[in-house]
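One structure is given below, encoded as structure tokens.
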Amino acid sequence: MEHHEHHTHHQGDEHHMHNQQSNHVHSGHGTHHHDHHAMMIRDFKKRFYINTVLSIPVLAFSKMIQGFIGLSFSFPGMEIVAAALATFIFIYGGWPFLKGLKDELSESGPGMMTLIAIAISVAWAYSSAVILGLEGKVFYWELVTLIDIMLLGHWLEMRSIMGASKALQKLAELMPSEAHKVESNQVLDVKISELKKGDIILVKPGEKVPADGKITEGESDLNESALTGESKPVQKAKGNDVIGGAINGDGSIKVKVTSSGEDSYLNKVIKMVEEAQQTKSKTQNLANKAAGWLAYIAIGVGVLTFVVWAFFTNQGMDFALERMVTVMIITCPHALGLAVPLVVAISTALSARNGLLIRNRTAFENSRKISAIVFDKTGTLTEGNFGVNRIKVFNGQKEDEVLALAGAIEQNSEHPIARGIVKEVKRRNLDLPNSSDFSSTKGKGVSAKVSGSDYRIVSPGFLKDEGIDVPEEVNSDQVETVVFILKEGTLIGFIALADQIRKESKAAIAALKDKGVKVLMATGDNEQTAKAVADALNLDGYYSQVLPHEKSELIESLQNDGEFVAMTGDGVNDAPALAKANIGIAVGSGTDVAAETADIILTESSPSDIANLILFGRATYKKMVQNIVWATGYNVIAIPLAAGVLFYQGVMINPAVGAALMSLSTIICAANAQLLRLNFQKNKVR
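Note that my numbering gives residue 551 to position 526 of the sequence shown, counting from 1, and the numbers run on in steps of one.
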């Protein structure tokens with residue numbers, strides 16, 4: 026069915042795709058990335074279990090651990106067996122960290138992997154040299170426990186953030202895989218990748234448009250809301266442009282292809298998302314920064330210790346080497362491997378229970394910095410579909426009766442206006458009378474017989490054509506779509522529909538402004554609709570008729586003004602901006618694409634969850650900082666003692682004391698992470 030709408034305001038992560046192989050290249054990217062992530066989690070888990078089992082004999086054969094638990098045993102070749110097991114653990118268990126060292130140094134500078142790799146390599150090389158005859162201590166017990174705990178930490182963390190990016194796959198899936206190509210009065214089904222500029226294609230009712238083009242024949246309503254953000258289906262006829270990925274309404278259209286493959290609108294969106302994701306993945310999170318500093322300290326203090334003992338005292342080279350190795354191993358605290366992953370695992374689980382799915386941890390840590398937030402309108406601040414705003418009746422009719430009549434006629438239609446009317450009928454629990462002889466006329470409206478009388482639901486254009494006066498009450502300061510109900514040609518009432526503002530929007534925006542966050546809105550919808558929503562919600566500013574690439578440009582200009590920007594949205598048109606923003610927040614009722622390009626997903630689509638996100642981000646960050654302080658705090662004492670600062674006073678750090686301190690800081694970190702639960706429950710915005 027077709028309505029001419031009436032407004033009361035009249036308005037004037039991997040490789041680029043370098044060939045025309047349509048979307049399939051991209052869809053492969055998403056699946057590949059996700060499978061790769063799952064494989065890595067399985068890999069860390071397997072390495073953790075195997076290494077932990079093999080670590081038990083290594084610890085049991087260590088003289089220091091035996092002394093620790095008051096046991097003593099040995100057998101010929103015990104040290105050789107321990108060395109062989111420790112070497113296997115170093116190569117097999119340490120491999121992810123040694124590989125990570127290479128990646129970090131070639132990309133973002135030293136971080137967690139570098140620090141772990143230095144400690145385990147030094148421990149293994151030195152201990153092996155001692156087994157082969159060098160004077161000194163064996164540190165195999167340190168080596169194996171460090172690898173076990175770091176593997177556990179990485180496995181926990183990766184498991185809690187499994188949301189690997191399937192964005193590009195989801196984008197590609199918006200395109201159908203085949204098109205109906207028209208050739209000399211024949212219709213052939215061809216693969217999209219075979220479409221060329223100038224081809225004529227047929228798009229049947231309800232199908233997705235397979236490529237960008239111009240309509241050459243037919244007319245229809247096209248739903249472009251996922252692509253452009255325009256909440257109403259757009260009426261298109263001969264000469265109008267259509268976008269690949271839009272959903273065709275109830276008319277058949279023929280389209281001349283203007284751009285396909287690489288040049289299509291959707292592919293440009295894919296490229297923008299890809300580029301934004303690549304730049305974003307280079308940012309480091311908190312634990313990595315701390316580990317990077319510790320890596321510098323380990324090398325710096327270690328070398329300094331060696332030089333001082335070897336060249337400025339009468340202790341031998343063996344002693345100097347032992348001190349240097351002890352410093353370099355001790356600088357990598359076991360607790361650091363669990364300090365942050367434990368907070369992440371708890372905050373990810375807590376968030377998920379409260380409707381926040383965290384996909385990018387760095388972004389979540391940074392949510393405390395948000396200074397400006399840009400909301401998409403449709404489906405985020407508003408419900409994203411037509412709801413009945415008001416009903417006016419004439420000639421002594423009752424409101425519910427007129428609505429029930431309209432519902433009886435409209436129940437057979439899939440048009441958004443029809444769905445809005447039927448939804449209101451259900452909400453009011455009204456009984457529908459029987460209707461028959463349903464018919465629909467493009468641009469005019471629909472008609473049917475109810476209880477023996479002829480009824481029509483029509484557009485304002487139809488009233489004008491028939492010479493019926495449009496009642497004064499139609500005008501309002503809101504942006505509405507109005508349909509009129511006629512009984513036997515006489516006007517008995519009208520129904521005004523609009524995209525409704527969400528109940529939670531007002532409180533959430535007030536809460537955000539209260540925290541000093543600037544609240545803006547960017548929408549593909551028209552100026553009047555945008556202004557009406559912005560005024561109703563008391564926003565700090567709004568932008569209307571914004572195209573997807575303009576959304577990401579808007580984010581960029583805010584960033585250039587020094588703002589730390591969060592963007593929330595739910596459609597394909599938001600995907601590039603979500604990827605571009607410092608923090609992209611997708612509302613879960615929207616498209617999968619938006620969810621996959623975002624860093625954080627709100628499952629309930631409630632704007633009040635965003636206020637919670639900022640609060641919870643702040644609390645989580647604080648816990649991470651506290652844990653990193655606890656994890657590295659023992660270093661402040663241990664490193665100078667390991668270096669031998671108080672050697673001549675008879676104070677030297679005994680590896681056993683180091684182990685006890687280390688266990689203590691790990692336990693404190695684990696307990697402190699649990700306190701996050703209390704904090705969250707106490708401060709939640711309801």
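Note that beta-carbon positions come from the ideal geometry of N, C-alpha and C, so glycine has one too.
The beta carbon of ALA667 lies closer than 6 Å to those of THR351, VAL352, ILE355, ILE678 in the same chain, with the five residues before and after it left out. Counted as a single uninterrupted DSSP element, the alpha helix (DSSP H) harbouring ALA602 occupies residues 600 to 605. A buried status is given to TYR659, since no fewer than 16 other beta-carbon atoms sit within 10 Å of its beta-carbon. TYR659: not part of any beta strand (DSSP E); member of the alpha helix (DSSP H) spanning 633 to 668, first to last residue. Classified as exposed, GLU491 has fewer than 16 neighbouring CB atoms from the shown chains inside 10 Å of its CB. When the beta-carbon positions are compared, ASN607 and VAL590 come within less than 7 Å of each other. Between the beta-carbon of LYS222 and that of VAL282 there is about 6 Å, and that keeps the pair under the 8 Å contact cut.
A check of alpha carbon separations from ASP128 across ALA142, ASN410, PHE115 identifies ALA142 as the nearest. If you draw a straight line from the Cα of ILE383 to the Cα of ASP624, it comes to about 6 Å. PRO458 is positioned such that its CB atom lies closer than 7 Å to that of SER476. Listed in chain order, the non-local C-beta contacts of THR112 below 8 Å within the same chain comprise TRP149, SER153, local neighbours out to five positions each way being set aside. Here the C-alpha atom of LYS88 lies approximately 8 Å from the C-alpha atom of SER97. Assignment of ALA236 by DSSP, reduced to helix, strand and coil, places it in the coil class. Of LEU171, ILE75, ALA644, PHE672, the smallest CA-CA separation from VAL369 is found for ALA644.
Taking a C-beta distance under 7 Å as the contact criterion, THR506 and LEU522 qualify as a contact pair. An exposed status is given to THR515, since fewer than 16 other beta-carbon atoms sit within 10 Å of its beta-carbon. Cβ neighbours of LYS538 within its own chain (closer than 7 Å, five residues either side excluded): VAL544.
Per the DSSP secondary-structure output, LEU171 pairs with nothing in a beta bridge. A distance below 6 Å between beta-carbons, with the five flanking residues on each side excluded, links SER472 to the following residues of its chain, in chain order: SER464, ARG481.
Here LYS648 has VAL368, LEU701 as same chain residues with Cβ atoms under 6 Å from its own Cβ, once five neighbours each way along the sequence are excluded.
DSSP assignment within the stretch 450 to 503 yields the following whole beta strand (DSSP E) runs of 3 residues or more, N-terminal first: 460 to 466, 470 to 475, 478 to 483. Under the DSSP assignment, LYS88 falls in the alpha helix (DSSP H) whose first and last residues are 88 to 94. The residue from LEU84, GLY341, PRO358 with its alpha-carbon nearest to that of LEU319 is PRO358. Boundaries cannot be given for ILE395, as no beta strand (DSSP E) includes it and DSSP labels it neither H nor E.
In the DSSP assignment, GLU552 forms no beta bridge with any residue.
Within the stretch 344 to 403, the runs of beta strand (DSSP E) that reach at least 3 residues and sit entirely inside it are, in chain order, 381 to 383, 397 to 401. For GLU208, the enclosing beta strand (DSSP E) begins and ends at 203 to 208. Counting other Cβ atoms within 10 Å of its Cβ, ASN585 stays below 16 and is therefore classed as exposed.
When beta bridges are read from the DSSP output, SER245 appears opposite LYS261. With a 10 Å radius around the Cβ and a threshold of 16 neighbouring Cβ atoms, ARG452 comes out exposed. In this structure VAL504 is buried. Its beta-carbon is surrounded by 16 or more other beta-carbon atoms within 10 angstroms. Taking 7 Å as the cut-off, the Cβ atoms of SER569 and LYS605 do not count as close. Approximately 15 Å separates the beta-carbon atoms of GLY269 and SER245; this is outside 8 Å, ruling out the contact. The three-state secondary structure of SER690, taken from DSSP, is helix.
Checking the DSSP bridge columns, you'll see GLN211 partnered with GLU208. Your pair ILE226 and ALA204 checks out as a contact, with CB atoms roughly 5 Å apart and the cut at 8 Å.
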